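Numbering (our numbering), first residue to last: 12 to 130.
Quick reminder that beta carbons are idealized off the backbone N, C-alpha and C, glycines included.
Only a predicted model underlies this, so the values are computations on that prediction, with no experimental measurement involved.
Scroll down for the structure; my scribbles are underneath it.
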């Protein structure tokens, strides 16, 4: 039996890069995709910090007033990679953002990569 494709890439992906923060405060938005169009996506997160840090990967609702889903990450100093290899469906104006939990003394920069999938 042949494998059945469950989706394929649609157009070019996008890269949302946050600035390099030095000594950011608790609650700093490290990077925000802004609103999406309704669709299915693959999401990748990459970044680095000079010290251990804690951040939340937040799937925000269409009014950016509440979280739909949250995943907390606790990487040590150095690089952090997080990939959603499964399809995630986002509704109109929903977004993904990374929110720092706790202030740090050091540098941090994060990026979000997205790839829209055809349905």
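- By the C-beta density criterion, residue 83 is exposed, having fewer than 16 other C-beta atoms within 10 angstroms.
- Following the DSSP letters along the chain, one finds residue 50 inside the beta strand (DSSP E) bounded by residues 50-60.
- Counting only runs of at least 3 residues, the region 79-126 fully encloses the following beta strand (DSSP E) elements, listed from N- to C-terminal order: 89-101, 106-111.
- Ranked by Cα distance from residue 38, the options 119, 53, 110 are led by 110.
- Taking C-beta atoms as the reference points, residue 45 and residue 120 fail to come closer than 8 Å.
- Measuring C-alpha to C-alpha distances from residue 43 to each of 71, 35, 50 identifies 71 as the nearest.
- Here the alpha carbon of residue 75 sits roughly 13 Å from the alpha carbon of residue 40.
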